[in-house]
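Participant: Here the sequence shown stands for residues 689 to 1003, where the numbers follow the working numbering.
Idealized CB from N, CA, C, for every residue including glycine.
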Amino acid sequence: MELNPQLGAETNEVTKPTNQDVTEEISSIDSTNVGTKSDEPQVLGLTQEETRDPNEITITIADQNTPIVVLFGPPSCGKTMTLVRLTRYLRDLNFTVEPVPTFRPSADAHYAKMCRDFPGMIGSSDAANSTKNISFMLVRVLDSVGHVKCQILEAPGEYYYNPDDPEEPMADFPRYVNAIKNSSNRKIWCYMVEPRWQYADQCRNYVTKIHTLKRTMRPSDKAVFIFNKIDLTPFVITPGEVNMRSARKEIEDLYPGIFTPFKVKGVFGTSDNFELVPFHTGDYSKKIAGGYSFQEGPVEYPKKLWNTIQNLIKG
Ligand SMILES: Nc1nc2c(ncn2[C@@H]2O[C@H](COP(=O)(O)OP(=O)(O)O)[C@@H](O)[C@H]2O)c(=O)[nH]1
Ligand SMILES: [Mg+2]
């Protein structure tokens, strides 16, 4: 299915990520000029034209039956590193995680390079090697006998919620997001939250944006809230074991009303129609030579996330 919606909607101003830590250090090199059909520099894995007008982004979802896990969250919440950590975990279990080459137009040399370099970026202990290079990707997960279990989409956070856009939370989603929303694949929306978001004053707007998207979710779609950077909270009891009651309360305090539309009223009261998963992608230590080294976090976190995704796919 070719998803290239017609132009005509208002353009979203897209800026580079404003990540506080690692990605800030690498912002000067994230315009990787690897050459496209027009040999123009690229930011976030997009051509200059696409960066100027995200409504120009063309994607193709060739497999319309396999569920898509969408990592949804603002810049620097940890989408790329979640993909990296989950991929490492799945590979250890003999799953194959591979980029879907047809996701972006074949003339897009940057995407082709990203696909080729994916194994190296996943295995790298240099955090920037992943965060700066994996920016807009569809991967698929196959089990040890070649069954495709799901697809995972990682995209620039600005297109979901852009803290630098004064129009938020009313800024339109770029058309490719709508195209994903409207595709026939079942979706597992993974909404990411973090404990010390640098734009804490915008938490309510981010909540509004999630609720806007929620209204377009189909009944078969599922919702997971990923509380990433759990290592920065006091709720970790032992590695992988988290006081979820307190963690949940913290999210509700930081992001007021976030769970409200994801609750269902029944005869015996209200119940959750979502999953909540704590996550810790890994530890990031400053290197003397510059940049950060990445050491993967406890296995319990990707294990819990993967089990949750699998149950939702089955359910
Ligand atoms: N403390 C901590 N920091 C994290 C964690 N995951 C990501 N980070 C930090 O957040 C930065 C942005 O992560 P990234 O995956 O690139 O975010 P993205 O913009 O959403 O793709 C990383 O460079 C890390 O510094 C985590 O589990 N714990
Ligand atoms: Mg990213």
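Can we say the segment 885-902 touches the segment 944-956, given the rule of at least three CB pairs closer than 8 angstroms?
Facilitator: Verdict: yes, contact present.
Participant: Quick one: any contact between the segment 736-746 and the segment 860-874, if contact means 3 or more CB pairs under 8 angstroms?
Facilitator: Touching, per the Cβ criterion.
Participant: Does the separation of the CB atoms of N893 and P857 fall below 7 angstroms?
Facilitator: Locating residue 893 in the sequence shown gives position 205, where the first residue counts as 1. Locating residue 857 in the sequence shown gives position 169, where the first residue counts as 1. A contact, by the Cβ cut-off of 7 angstroms.
Participant: What residue range is occupied by the uninterrupted alpha helix (DSSP H) comprising C765?
Facilitator: Numbered from 1 along the sequence shown, position 77 holds the residue referred to as residue 765. Note, C765: premise wrong, no alpha helix (DSSP H); not H, not E.
Participant: Excluding the 5 residues preceding and the 5 following C891 in the sequence, name in chain order all residues of the same chain whose CB lies nearer than 6 angstroms to its CB.
Facilitator: Stepping through the sequence shown from its first residue, residue 891 is reached at position 203. Cβ neighbours of C891 beyond the five flanking positions: L942 and Y943.
Participant: Within 10 angstroms of the Cβ of R906, are there 16 or more other Cβ atoms? Answer buried if so, exposed if not.
Facilitator: Taking the sequence shown and counting its residues from 1, the one referred to as residue 906 is at position 218. Burial call: exposed.
Participant: Locate the beta strand (DSSP E) running through K837, then write down its first and last residues.
Facilitator: As a position in the sequence shown, residue 837 is number 149, starting the count at 1. First-last of the beta strand (DSSP E) with K837: V836 to E842.
Participant: Is P851 near I918, with beta carbons less than 7 angstroms apart?
Facilitator: As a first step, residue 851 is located in the sequence shown; it is residue number 163 there, counting from the start. As a first step, residue 918 is located in the sequence shown; it is residue number 230 there, counting from the start. No, these two residues do not count as a Cβ contact at 7 angstroms.
Participant: Locate the alpha helix (DSSP H) running through I997, then write down its first and last residues.
Facilitator: Translated into positions along the sequence shown, residue 997 becomes position 309. Note, I997: alpha helix (DSSP H), E988 to K1002.
Participant: At which residues does the beta strand (DSSP E) containing M825 begin and terminate?
Facilitator: Residue mapping note: residue 825 aligns to position 137 of the sequence shown, counting from 1. Here the beta strand (DSSP E) through M825 covers M825 to L830.
Participant: Helix or strand or just coil, what does DSSP make of V758?
Facilitator: Counted from its first residue, the sequence shown places residue 758 at position 70. Here V758 sits in strand by DSSP.
Participant: Strictly closer than 7 angstroms from CB to any heavy atom of ligand 2: give me those residues in the order they appear in the chain.
Facilitator: Going by the Cβ distance cut-off, the answer is K767, T768, T819, I822, S823, E842, P844 and G845.
Participant: Please name the residue, chosen from P927, D889, K910 and F982, that lies closest to L1000 on a Cα-to-Cα basis.
Facilitator: Along the sequence shown, one-based indexing puts residue 1000 at 312. Among P927, D889, K910 and F982, the Cα nearest to that of L1000 belongs to K910.
Participant: Which term fits N995, buried or exposed, when burial requires 16 or more other beta carbons within 10 angstroms of its beta carbon?
Facilitator: Sequence index remark: in the sequence shown, residue 995 carries index 307 (1-based). With fewer than 16 other Cβ atoms within 10 Å, it is exposed.
Participant: Whether or not the segment 803-819 and the segment 832-852 are in contact is what I'm after, with contact meaning three or more pairs of Cβ atoms, one per stretch, closer than 8 angstroms; do they touch?
Facilitator: With the cut-off at 8 angstroms, the segment 832-852 and the segment 803-819 do not touch.
Participant: What is the DSSP secondary structure of K869, reduced to helix, strand or coil?
Facilitator: In the sequence shown, counting from the first residue as 1, residue 869 sits at position 181. In this structure, K869 counts as helix in the three-state DSSP scheme.
Participant: Specify, as a first and last residue, the run of the beta strand (DSSP E) that L964 falls within.
Facilitator: Working through the sequence shown from its first residue, we reach residue 964 at position 276. Element bounds for L964: E963 to P966.
Participant: Starting from Y980 and walking both ways along the beta strand (DSSP E), at which residues does that stretch end?
Facilitator: The residue labelled residue 980 in the question sits at position 292 within the sequence shown. Looking at the DSSP string, the run of the beta strand (DSSP E) that includes Y980 is Y980 to E984.
Participant: Since V881 and F915 are thought to touch, with beta carbons under 8 angstroms apart, how far apart are those beta carbons, to the nearest angstrom?
Facilitator: For the purposes of this step, residue 881 is taken as residue 193 along the sequence shown, with counting starting at 1. For the purposes of this step, residue 915 is taken as residue 227 along the sequence shown, with counting starting at 1. That pair is a contact at about 6 angstroms.
Participant: Relative to the C-alpha of T969, which candidate in A977, D960 and S981 has its C-alpha closest?
Facilitator: Counting from one through the sequence shown, the residue named residue 969 turns up at place 281. The residue with the shortest Cα to Cα distance from T969 is S981.
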